[in-house]
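Residues are numbered in this note's numbering as their position in the sequence shown, beginning at 1, plus a constant of 109. Everything on this sheet refers to the single structure shown next.
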Amino acid sequence: MTKDSPDEKFYNSNRIAIVTPLAEFLSQPHIEASPAWEFINGRGIQKPKLTLFHSRLQRNLVNYINFQTERFEAVQELRCIVPPYSPVPDISVVLRSRLPEEDGPLNGAPDWLIEIRSPDQGTLDLQNKILHCLSNGTQLAWLIDLTRQQIWVWQGDDLPSIYSEEEILPTLGELPELTVRAVMAMTRRQ
């Protein structure tokens with residue numbers, strides 16, 4: 110965006126949007142640019158640029174989930190409309206019957222939300238997004254921390270549990286057992 114761009118009025122120098130209504134945010138043409146923009150707490154926030162390991166994990170985990178289940182579909186970077194938020198989880202796992210027939214965002218929260226924390230990304234915004242989705246229909250959420258080799262897991266109203274190493278992670282659907290170590294190994298698989 111150039112300084113004279115009409116969209117510039119919505120953003121400060123740190124690429125964080127000035128407070129604006131959700132409908133106005135969703136009408137902006139640039140929000141699907143890579144990396145995508147999310148609308149959290151009345152602010153547009155651009156997602157961090159992906160790293161190699163983040164990209165590999167995202168791709169490999171989506172492929173793994175989709176290969177293992179026909180009931181759910183895992184989708185990368187699917188915009189969700191969960192008023193007053195518009196999150197774009199790294200991976201949204203959704204019952205196939207809930208996916209829109211037309212190309213566009215998912216109206217509602219994903220059944221299973223997966224976020225991969227980037228090294229320069231704080232956890233507060235990620236947790237806020239996760240908690241909002243959990244209070245609006247998400248059944249399971251993972252926050253994968255590659256640096257600490259841990260996965261934080263939320264289910265229903267429970268406080269998060271932290272999983273590591275050979276601990277078996279909770280999943281939705283008919284997925285075989287999956288450990289934290291197996292998930293972390295997906296960062297190395299090409």
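By construction, the Cβ of each residue, glycine as well, lies at the ideal position given by its N, Cα and C atoms. All of these numbers come straight from a predicted model, not from anything done at the bench.
Counting C-beta neighbours from all protein chains within 10 Å, is the total for residue i 16 or more, i.e. buried, or is it exposed?
i           : result
residue 247 : buried
residue 280 : buried
residue 134 : buried
residue 209 : exposed
residue 225 : buried
residue 219 : buried
residue 266 : exposed
residue 142 : exposed
residue 244 : exposed
Residues in the same chain with beta-carbon distance under 6 Å from residue i, minus the five sequence neighbours each way, listed in chain order, please.
i           : result
residue 146 : 140, 153 and 155
residue 118 : Low confidence applies to residue 118: its pLDDT is 46, below 50, so where it sits in the model is not reliable, and the reading given next is rough at best. Contacts found: none.
residue 86  : Residue numbering for the chain in the displayed model covers 110 to 299; residue 86 lies beyond these limits and cannot be assessed.
Given residue i, which residues of its chain have a CB within under 8 Å of its CB, disregarding the five upstream and five downstream residues?
i           : result
residue 192 : 131
residue 113 : Confidence is the limiting factor: at residue 113 the pLDDT is only 35, short of 50, which leaves the residue's position unreliable and the question unanswerable from this model.
residue 295 : 165, 166, 169, 170 and 173
residue 239 : 222, 224, 247, 250, 252 and 263
residue 228 : 160, 255 and 256
residue 275 : 288, 289 and 290
residue 298 : 165 and 169
Hey, residue i and residue j are a contact pair by Cβ (cut 8 Å); roughly how many whole angstroms apart?
i           : j           : result
residue 181 : residue 197 : So it is not a contact: roughly 18 Å between Cβ atoms.
residue 189 : residue 201 : 6 Å
residue 242 : residue 222 : 5 Å
residue 149 : residue 216 : Rounded, the Cβ-Cβ distance is 17 Å, inconsistent with contact.
residue 277 : residue 283 : Contact doesn't hold; Cβ gap of about 15 Å is too wide.
By Cβ distance below 7 Å, which residues in the same chain neighbour residue i in space, the five residues on each side in sequence not counted?
i           : result
residue 161 : none
From the DSSP output, read off the bridge partner residues of residue i.
i           : result
residue 309 : For residue 309 there is no data in the structure shown, the boundaries of the chain being 110 and 299.
residue 216 : 190
residue 173 : Partner(s): none; residue 173 has no beta bridge.
residue 147 : 154
residue 182 : 203
residue 271 : 261
residue 277 : 288
residue 244 : Looking at the DSSP assignment, residue 244 forms no beta bridge with any residue, so it has no partner.
residue 226 : 254
Tell me whether residue i counts as near the ligand GDP, meaning its Cβ is closer than 8 Å to at least one heavy atom of that ligand.
i           : result
residue 278 : The ligand content of the structure shown is nil, which means the ligand GDP is not present either.
Quick one: is residue i near chain C, going by C-beta distance under 9 Å?
i           : result
residue 269 : In the structure shown, chain C cannot be found, because there is only a single protein chain.
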